[in-house]
Every structure is written in structure tokens, then in C-alpha cells.
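Colleague:
Number of protein chains: 2
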Amino acid sequence: MVTIKDVAKHAGVSVATVSRALNKNGYVSEKAREKVESSINELNYYPNEVARSLFQKTSKMIGLLLPDISNPYFPLLMKGIEESARENGYSVILGNVEEGSKAGDNYMRLFAQQNVAGVLSAVEGTLSHHHPMPIVMLDRVLEGDDYAVYTNDVKGGILAAQAIIDRKPGKVLIIAGPKSVPGAIDRLLGILSVLNPTDVEYEIFETGSYTIKEAETTAKEIFDLYGKMNSIIASNDLFALAVMKEAQQRGYQIPRDIQVIGYDNIPFSQLVYPGLTTISQPAFQAGYQAADLLVRQIRKDTISNKRIKLDPELVVRDSLRESEE
Amino acid sequence: MVTIKDVAKHAGVSVATVSRALNKNGYVSEKAREKVESSINELNYYPNEVARSLFQKTSKMIGLLLPDISNPYFPLLMKGIEESARENGYSVILGNVEEGSKAGDNYMRLFAQQNVAGVLSAVEGTLSHHHPMPIVMLDRVLEGDDYAVYTNDVKGGILAAQAIIDRKPGKVLIIAGPKSVPGAIDRLLGILSVLNPTDVEYEIFETGSYTIKEAETTAKEIFDLYGKMNSIIASNDLFALAVMKEAQQRGYQIPRDIQVIGYDNIPFSQLVYPGLTTISQPAFQAGYQAADLLVRQIRKDTISNKRIKLDPELVVRDSLRESEE
DNA sequence: CTAGAATGTGTAACCGATTACAGAATAACA
DNA sequence: TGTTATTCTGTAATCGGTTACACATTCTAG
């Protein structure tokens, strides 16, 4: 391994000079700078980030805490995070936490042990209690979270409900996400704020987790439980897809007999037949912005907007009936 | 920040003793060990991994290089990797590389700068040339790769083709992945080894990348190009799903008019209607085993099987016609 | 009872960077 | 020319751990 000492020796200067040339601090003569640069190239030297990190008590790494990597919403989120982080010279340490487990605390300790510069977390109740460090909450955001990136879920709910009542709703079933997930409540609120003033008939079914397995069993269950429904507002695309499949299997035609709207706009929602109409959450954008916000927090830039609220959008495909207007 | 010095002072011993107690090397008296342990608890001390890493010239981190995080095959892979790594006390640094770009080299340098213990890579042509370190290739594996985890793609191709010819194939279209992806060739070989001895009519269409966008345009293209087909063997589930959607949109019934088989068994293939019959690649298993293999390589365990070949399986759902036997 | 092995402990060097500080060289200016 | 300000450079301390080495103590055995 080539160290700064080797470079110094090769260039005939001290390590201090090499370091100054590298980091462009302090005074370095033109002559010295050139010698150092050519030595660096010749020896193919690159500084050891670990040694830097030890001295600086921080590093060029950020920790990422996710509740379940295998959730299809996350890949795009991660891509946004990775891209933004990389552009800012940071790399990402991955932490996957089972929903509800206390592994989050372990990861926070681990991140601290690695001198990470900050943490991005989509896990509720992530505390930097013991190890205070910059942190940005993602997606599952609470009131008290200082820095956060999230989507306007009330609006998302409104958009979804609006799309439904514009299209001969009939009997509506709302599949609501678990109350423990902050966004789920807001969506339901949004939906109800639209439905309640009308005389549309609706029922609410609350689900537990967001896993595929649960989506499948829920899909069967609701048909058994509620019989004839004409419109379904799902808590996310996973559930919407599961419901669509179950409906088709039972011989219903979509959207003629049952119309379905999802939430998230995961990449797959456009690959099913009929294409799923859904509320788009800008996953890539959210990740990108969150990483950017974290980096700015790390750099102690002045930040006017610490809580970034992104707007969801209605993406119309073919799982809803024709609009009435 | 609590350091080993603070613990030493608090326990009334030297830092060397604390270190020995921590790592359970060397001699430490029972009495000293107890004092150290209670000091650690009282002060809530945890060792700084960066300082350790600097001295040891290695760390408890492994680098992960993926060609495209947003590919739906990867989440499960990552979950497997993360889980296995965590069980072995390692954490994962994420690297996303655009297909074909040279960012891979940059990441390898970055990993080296971070003293990672090893690298897991699904990017072709990943070289530890300049910075030799343990490496395990994943998924996209070449002959020369020393340590690798991959699936038996020839067998996968055979399984897919077999499933098709067992079920009134008619005219078959093979959508083959890009020749640059090692596995794609093997799959095609497997498929042809089954089809060629029969008198089944087939055509081959080669695709470029593995993106959703390409899948959609390809789906349209093949219907325009080849007109009536009765069976389609897709290069992966993404393409299979896109084809199914396009077929349904054009009024074909699946599997009656056209039967489709995919590859990968991504979680979504069970959420479409009709359920996609496909060849399952054990993504979680692959990730788990790869991380495990890497850790063993890092530990310099003796390893009997450096190249782990996993077996794909046929997962029967509803996108193929009834078997004839 | 004593030599030698086994056990326990602390001091200090080391890992590879950054930077405070002091001293040397050069520039600016009267 | 002498004085001061500016630029340049090297030595050494530092970050928080690990471990080689030396020394002290205890144990074992003859």
C-alpha cells in the first residue's frame, strides 16, 4: 500500500506538504505542488479514508436504515439516495431492519462506530439519542422529526378518492394501511375528506404489514367478507395488484365490474393488464432529495426548508372506468 | 465520545488491559476483566471501528457492486447479502454502477480507501487488479472468476424449454437476453438443446438491456414482427410480464392463445393475472451464500467449493397451457 | 527452596492521515 | 538597507485503537 510517506519521500518533501497539496489548504509552492502531483501519479497513490476519518472524527459515509429492502418501493428510493450521495462524494452503508425489531438501535451504534457523517432512516422511532448525529427521516415521518422528506399523503388520499368518485364509484372499499405507519393515516384522512361529504357508500378494511403474502390473503379475505364492491382504493400497489388478480380470478372484469386504484406507482404497476391507475410517489426524487438534505445538514449549510414535502400525482392507466365529465 | 482511555482510567488499569479484555486475547486476570466490564457498561463504551480498521488494515465492511439497483431481482439478493453479512458481523457498503460505465473501477478504489475486507460484485469485468482483495462474483459470472455464486443457467433454459414442449408449443418465440450477459447465452444454449432435437418451429429475438422500458418496446415489437406465435420463452420475468400485457391488450387469451414462461421468479410474477409460470432463481439464497463465501474467503478458511452453482426450479402458475402427459 | 514456566500488566510504538507550531525563505515597503 | 508581512516547509502531536516487549508476579515441579 502506498502511503503519504512514500509520496513525500518520492517527491522530496515532508508529509505535511503532501497533505497540504492534497487538500489544497495552507501554503504550497508551485514547484512543490508539481513534484507532489507527479509523484502521486507515478506511485498511483490515493489517500486512506480510514486514517482521515480517525483524525476528523467523521467520514465520507452515510448510513441508510430501511425497514424492508425487499419492498418494491425501495429500489428506486435507494437509487436516488446512492446517486445524490455519490455526487456529493459520500458512500452509503446499508442497514436492513425487520419491521418492529430493535435492530435499528444496533445499526445506529454501528454507524456511530464507523464515524458515519449522518444517517438516512425510513424506520420509525429511529433515535440518535445516544449518538447524536445528523439524521434525515424518509417516507415514514413523524411530527417531531426535524429534518425529513415525505410525500403529502393527505393530498394523495384526496387524489385517489377524487379519481374514484369521478367515475361512478358504486360501493367503495378502502383498504387502509396499518395505523402504525404515519402516512397510512393521512391517506385515509384524505380519502374520507372527499368521500364523507358525498353519499357514496364505503367500508374500511385495515391491513397489517405491507408484505406480498399479506396482500394475497387480504385480497381473498375482502372478497369473502364484503361480497359485491364496485371500487377499491388500495393502500399501495402491492395490495391493488393482489386485489386485481383475485378479482380477475373470480371472473370480474376490470374496470367494468370493479375499478381499482393503487398507491406508490411502483414500476410494475405499468406491466400488468390492465395497467394500474395509481398515485405516484416520487421515490427516486425522495431519495435524491433526502440524501441532498442530509449532506447539507452535515455541511452545516443554512437550510430554509428542513422538511421537504413532495407532491403525489395521479397516474391514469386502465384500472378505472371512464371519467364522467 | 468515550474512548478506551476513559475506560482504562475508570477501571484503574492500562489501555492494553482494556483492549485485551475486549478482544479476549492475551492474559487478563479475572479481577481486571470484571472491573473493565463494569466500566464499559457504566460509561456505555463501544470501540471505534475506524481506529481498529486503521491498525488492522482491514475492516468489518464489505463492498457491494450492483449493475442496477432498480432491477427487481436485486432487492431479494441484497436482503440475503445483508442478512448473511450481518450474522457474520459485517456491514455492507453499496455501490450502484450504470451498466457499461467505468464507475466500477472508481468504486473499487473507494472500497480500497475504506479498507473494506472484501467485495461482492455482480458487475462484469470487476477487477481487483490494482487493489487486490477478496472478491466474490455474483450472478454474472465468467469462466475465469475464482470465487463465484451463480445459477445453472443451462439447466434453467432446459427447464423452460421442456415446460414449453410438454404443452403443445406451436410456434415458439425465444426472447434472448443480451449476449454480453454471461447467463443469457447459457440459457439460450439450454433452450436450444431441448428444442433442436424436436421439430418445433422457433425464432430468436435478442434484446439489449434488462430495463422495463426496453421490455415494453420489445413486447410491442415482437407482435408486429412475428405475428402469430403460440409460445414465448422470455429472458426474464420483466419481459414475460410485458409480453403478457401486450398480448392481453391485443385480445389474445393467456395461456389459450399464447403461453408465456419467464425467468427469475421475481415476487411480482405471482401478483399478475394469470400468474406467471417461470424459472425460479434463488435470489435470497444466492445473496446469502455469496456473502457467506466472501466471509469465509476473508477469514482464509479452507474452502472446498469456490464456485457455488445453484439450481433453478420450474415454478408452475397459470401462464402455460395444461401439460399433455 | 529455587529454577523455570505460566500468567498478568503497563509502556510505548504503530497504523496513515491532518494540522498546530515554529522557524526559514522570500516579498514588500519605507 | 533594514524591518515587517507573507509565503513556504518540516517536526511532532494527535485521532483511538492493537500489540510487541519488558518486567513483575504467581504457579509448578524437582
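The listed protein sequences derive, respectively, from chains H and R. Mind the numbering: the first sequence is residues 381 to 705 in the numbering used here, read in order. Mind the numbering: the second sequence is residues 381 to 705 in the numbering used here, read in order. C-beta: ideal position from N, C-alpha, C; glycine also. All of these numbers come straight from a predicted model, not from anything done at the bench.
Give the range of the alpha helix (DSSP H) segment to which residue 434 of chain H is assigned.
Modeller: Translated into the one-based positions of the first sequence, residue 434 of chain H becomes position 54. From DSSP, the alpha helix (DSSP H) with residue 434 of chain H extends over 429-436.
Colleague: Got a sec: is the Cβ-Cβ distance from residue 652 of chain R to anything in chain H below 9 Å?
Modeller: As a position in the second sequence, residue 652 of chain R is number 272, starting the count at 1. Chain H contact via Cβ: present.
Colleague: Can you tell me the Cβ-Cβ gap for residue 670 of chain R and residue 446 of chain R, rounded? I've got them flagged as a contact below 8 Å.
Modeller: Here residue 670 of chain R is taken as the residue at index 290 of the second sequence, counted from 1. Here residue 446 of chain R is taken as the residue at index 66 of the second sequence, counted from 1. That belief does not hold up - the Cβ atoms of residue 670 of chain R and residue 446 of chain R are roughly 12 Å apart, past 8 Å.
Colleague: Note down, in chain order, each residue of its chain lying with its Cβ closer than 6 Å to the Cβ of residue 464 of chain H, except the 5 sequence neighbours on either side.
Modeller: Indexing the first sequence from 1 puts residue 464 of chain H at position 84. The residues are 668, 671 and 672.
Colleague: Where do the ends of the alpha helix (DSSP H) carrying residue 629 of chain H lie?
Modeller: Position 249 of the first sequence, counted from the first residue, corresponds to residue 629 of chain H. Counting along the chain, the alpha helix (DSSP H) containing residue 629 of chain H begins and ends at 617-629.
Colleague: Suppose you measure from the CA of residue 471 of chain H to the CA of residue 663 of chain H; what does that come to, to the nearest Å?
Modeller: Numbered from 1 along the first sequence, position 91 holds the residue referred to as residue 471 of chain H. Numbered from 1 along the first sequence, position 283 holds the residue referred to as residue 663 of chain H. Their Cα atoms are separated by approximately 19 Å.
Colleague: Is residue 459 of chain R close to chain H, meaning its C-beta is less than 9 Å from at least one C-beta of that chain?
Modeller: Along the second sequence, read from residue 1 onward, the residue named residue 459 of chain R stands at position 79. Taking Cβ atoms only, chain H reaches closer than 9 Å to residue 459 of chain R, which makes this a yes.
Colleague: Along the segment 423-439 of chain H, what residues have a CB closer than 8 Å to any CB found in chain R?
Modeller: Listed in sequence order: 424, 426, 427, 428, 429, 430, 431, 433, 434, 437 and 439.
Colleague: Helix, strand or coil for residue 528 of chain R, going by three-state DSSP, please let me know.
Modeller: Position 148 of the second sequence holds residue 528 of chain R. Here residue 528 of chain R sits in strand by DSSP.
Colleague: From the DSSP secondary-structure annotation, give me the bridge partner or partners of residue 556 of chain H.
Modeller: In the first sequence, residue 556 of chain H corresponds to position 176, counting from 1. Per DSSP, H:586.
Colleague: Exposed or buried, what is residue 603 of chain R when buried is set at 16 or more other beta-carbons lying within 10 Å of its beta-carbon?
Modeller: Numbered from 1 along the second sequence, position 223 holds the residue referred to as residue 603 of chain R. It is buried - the Cβ of residue 603 of chain R has at least 16 other Cβ atoms within 10 Å.
Colleague: Taking DSSP's pairing of strands, which residues face residue 643 of chain R in a bridge?
Modeller: In the second sequence, counting from the first residue as 1, residue 643 of chain R sits at position 263. DSSP output for residue 643 of chain R lists R:659 as bridge partner(s).
Colleague: Quick one: Cα of residue 627 of chain R to Cα of residue 554 of chain R, how far?
Modeller: One-based indexing of the second sequence puts residue 627 of chain R at position 247. One-based indexing of the second sequence puts residue 554 of chain R at position 174. In a straight line, the C-alpha of residue 627 of chain R is about 15 Å away from that of residue 554 of chain R.
Colleague: Could you tell me how far apart the beta carbons of residue 699 of chain H and residue 629 of chain H are, in whole angstroms, since I believe they sit closer than 8 Å?
Modeller: As a first step, residue 699 of chain H must be located in the first sequence, where it is residue number 319. As a first step, residue 629 of chain H must be located in the first sequence, where it is residue number 249. Their Cβ separation, rounded to whole angstroms, is 16 Å, which puts residue 699 of chain H and residue 629 of chain H out of contact at 8 Å.
Colleague: For my contact list, residue 324 of chain R and residue 617 of chain R are in at a C-beta cut-off of 8 Å; report their separation, rounded to the angstrom.
Modeller: Since the first residue shown for chain R is 381 and the last is 705, residue 324 of chain R is missing from the structure and cannot be characterised.
Colleague: Pick out the complete alpha helix (DSSP H) segments inside the segment 443-480 of chain H, 4 residues or longer, and give them in chain order.
Modeller: Fully enclosed alpha helix (DSSP H) runs of 4 or longer: 454-467.
Colleague: Return no unless some Cβ of chain H is closer than 9 Å to the Cβ of residue 635 of chain R.
Modeller: Counted from its first residue, the second sequence places residue 635 of chain R at position 255. No, because no Cβ of chain H sits closer than 9 Å to the Cβ of residue 635 of chain R.
Colleague: Take residue 439 of chain H as the anchor and find which of H:687, H:684 and H:679 has the nearest alpha-carbon.
Modeller: On the first sequence, position 59 is the one that residue 439 of chain H refers to. When each option's Cα is compared against that of residue 439 of chain H, the closest is H:679.
Colleague: Could you spell out where the alpha helix (DSSP H) holding residue 389 of chain H opens and where it closes?
Modeller: The sequence position of residue 389 of chain H within the first sequence is 9, counting from 1. Residues 384-391.
Colleague: Just the Cα atoms here: how many angstroms apart are residue 390 of chain R and residue 424 of chain R?
Modeller: Position 10 of the second sequence holds residue 390 of chain R. Position 44 of the second sequence holds residue 424 of chain R. Approximately 12 Å between the Cα atoms of the pair.
Colleague: Could one say the Cβ of residue 462 of chain H lies closer than 9 Å to chain R's Cβ atoms, at least one of them?
Modeller: Here residue 462 of chain H refers to the residue found at position 82 when the first sequence is read from its first residue. So yes, residue 462 of chain H belongs to the interface.
Colleague: Please list the partners that residue 476 of chain R has in chain H, where partner means a Cβ-to-Cβ separation under 7 Å.
Modeller: The residue given as residue 476 of chain R occupies position 96 in the second sequence. Within chain H, the residues near residue 476 of chain R are 459 and 462.
Colleague: Tell me whether residue 578 of chain R is buried or exposed, calling it buried when 16 or more other Cβ atoms sit within 10 Å of its Cβ.
Modeller: To locate residue 578 of chain R, count along the second sequence from 1; it is residue 198. By the 10 Å Cβ count, residue 578 of chain R comes out exposed.
Colleague: Per DSSP, residue 613 of chain R is paired with what?
Modeller: Here residue 613 of chain R corresponds to residue number 233 of the second sequence, with the count starting at 1. Residue 613 of chain R pairs with R:554 and R:641.
Colleague: Strictly by DSSP, which residues pair up with residue 339 of chain H?
Modeller: Nothing can be reported for residue 339 of chain H, as the shown portion of chain H is limited to 381 through 705.
Colleague: Do residue 677 of chain H and residue 498 of chain H count as a contact pair if the criterion is CB distance below 9 Å?
Modeller: Here residue 498 of chain H corresponds to residue number 118 of the first sequence, with the count starting at 1. Here residue 677 of chain H corresponds to residue number 297 of the first sequence, with the count starting at 1. Yes; because the gap between Cβ atoms is below 9 Å, this pair is in contact.
Colleague: Do residue 687 of chain R and residue 657 of chain R have their C-beta atoms within less than 9 Å of each other?
Modeller: In the second sequence, the residue the question calls residue 687 of chain R occupies position 307. In the second sequence, the residue the question calls residue 657 of chain R occupies position 277. No, the Cβ-Cβ distance between residue 687 of chain R and residue 657 of chain R is not below 9 Å.
Colleague: State the DSSP-derived secondary structure class of residue 398 of chain R, mapped to helix, strand or coil.
Modeller: Translated into the one-based positions of the second sequence, residue 398 of chain R becomes position 18. In this structure, residue 398 of chain R counts as helix in the three-state DSSP scheme.
Colleague: According to DSSP, is residue 518 of chain R helix, strand or coil?
Modeller: For the purposes of this step, residue 518 of chain R is identified with residue 138 of the second sequence, where counting begins at 1. Note: residue 518 of chain R maps to strand in three-state DSSP.
Colleague: Going by C-alpha distance, which of R:661, R:473 and R:624 is nearest residue 651 of chain R?
Modeller: Taking the first residue of the second sequence as position 1, residue 651 of chain R is located at position 271. Considering only alpha carbons, the answer is R:624.
Colleague: Excluding sequence positions up to five away, which residues of its chain have a Cβ less than 6 Å from the Cβ of residue 595 of chain R?
Modeller: Within the second sequence, the letter at position 215 stands for residue 595 of chain R. 618, 619 and 622.
Colleague: Confirm, please, whether the CB-CB distance from residue 540 of chain R to residue 694 of chain R is below 9 Å.
Modeller: Indexing the second sequence from 1 puts residue 694 of chain R at position 314. Indexing the second sequence from 1 puts residue 540 of chain R at position 160. The answer is yes: Cβ separation under 9 Å.
Colleague: Given this structure, state the Cα-to-Cα distance separating residue 397 of chain H from residue 388 of chain H, to the nearest angstrom.
Modeller: Counted from its first residue, the first sequence places residue 397 of chain H at position 17. Counted from its first residue, the first sequence places residue 388 of chain H at position 8. If you take the alpha carbons of residue 397 of chain H and residue 388 of chain H, they lie about 8 Å apart.
Colleague: How would you list, in chain order, the residues of chain R whose beta-carbon sits under 8 Å from the beta-carbon of residue 387 of chain H?
Modeller: Translated into the one-based positions of the first sequence, residue 387 of chain H becomes position 7. Within 8 Å Cβ-Cβ: nothing; residue 387 of chain H doesn't reach chain R, min ~15 Å.
Colleague: Given 8 Å as the limit, is there contact between the segment 569-585 of chain H and the segment 395-412 of chain R, that is, 3 or more CB pairs closer than that?
Modeller: Counting Cβ pairs under 8 Å, fewer than three are found: no touch.
Colleague: Distance check for residue 412 of chain R and residue 511 of chain H, CA to CA, integer angstroms please.
Modeller: As a position in the first sequence, residue 511 of chain H is number 131, starting the count at 1. As a position in the second sequence, residue 412 of chain R is number 32, starting the count at 1. Using only the alpha carbons, I get a separation of about 28 Å.
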